[in-house]
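Here's the structure we're looking at; comments come further down.
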Amino acid sequence: MTDPRELYQQVILEHNKKPRNFGKLDPCTHHAHGLNPLCGDDIEVSLVVADGLVQEVRFQGHGCAISQASSSLMTVNVKGKTVEEAETMIAQFREMIRGNLDPAADPHILGRLTLFQGVKDLPSRVKCAVLPWATLHSALQGEETVSTE
Ligand code: ZN
8 MTDPRELYQQ VILEHNKKPR NFGKLDPCTH HAHGLNPLCG DDIEVSLVVA DGLVQEVRFQ
68 GHGCAISQAS SSLMTVNVKG KTVEEAETMI AQFREMIRGN LDPAADPHIL GRLTLFQGVK
128 DLPSRVKCAV LPWATLHSAL QGEETVSTE
């Protein structure tokens with residue numbers, strides 16, 4: 008359990024099998040569709056934002072275990088946060104996955120999301136892990152579609 012790689016595997020499998028906040032919010036205030044053509048990941052993120060807070064967030068779609076688990080964990084971590092905090096998490100998650108943010112040394116608000124830091128050593132999976140965050144960013148910016156290509 009103390010081996011971060013083992014914990015990472017467990018969390019990915021668990022969230023892939025039982026994704027949290029799966030579905031679509033209707034009505035919603037923000038919505039976006041994200042595609043990663045390289046892997047075939049296809050997700051939709053919908054949000055209810057009120058008073059500057061992410062009151063509800065859900066995702067649906069299909070794709071590999073990493074994109075599904077990343078989406079699931081994203082919804083868990085972003086729900087109840089301010090829009091500003093959500094944007095900070097988006098930026099920090101991207102930097103971590105690109106290897107520009109070291110969760111052990113640099114300040115961050117990623118919490119358990121640091122489990123994904125190993126993805127930086129798996130270049131073909133980077134877009135899978137980042138897709139839900141890119142889609143969330145588009146939704147918050149009022150854009151409808153995002154592609155990792
Ligand atoms: Zn994928």
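Heads up, the sequence shown is in the numbering used here, so the first residue is 8 and it goes up one at a time.
Glycine included, C-beta positions come from ideal geometry on N, C-alpha and C.
This one's a predicted model, so the numbers in the text were calculated from it and none came from an experiment.
Counting along the chain, residue 53 sits inside the beta strand (DSSP E) bounded by residues 48 to 57. In this structure, the alpha-carbon of residue 104 lies about 6 Å from that of residue 124. Cβ-Cβ separation between residue 65 and residue 82: approximately 6 Å, consistent with a contact (criterion under 8 Å). Residue 100: member of the alpha helix (DSSP H) spanning 90 to 104, first to last residue. Taking a 10 Å sphere around the C-beta of residue 19, we find 16 or more other C-beta atoms and assign the residue as buried. Note on geometry: alpha-carbon atoms of residue 138 and residue 31 lie some 17 Å from one another. In the structure shown, residue 12 falls within a helical segment according to DSSP collapsed to helix, strand and coil. The ligand ZN has a heavy atom closer than 8 Å to the beta-carbon of residue 134.
In terms of Cβ geometry, residue 99 and residue 73 do not form a close pair [threshold 9 Å].
Taking 8 Å as the cut-off, the C-beta of residue 48 counts as close to a heavy atom of the ligand ZN. For residue 74, the uninterrupted alpha helix (DSSP H) segment begins and ends at 72 to 85. Sequence-distant Cβ neighbours of residue 146 in its own chain, meaning closer than 7 Å and more than five residues away, are 37, 38, 39, 52 and 54.
For residue 155, no pairing in a beta bridge is given by DSSP. Separation of residue 58 and residue 151 (C-alpha to C-alpha, rounded to the nearest whole angstrom) is 22 Å.
In this structure residue 14 is exposed. Its beta-carbon is surrounded by fewer than 16 other beta-carbon atoms within 10 angstroms.
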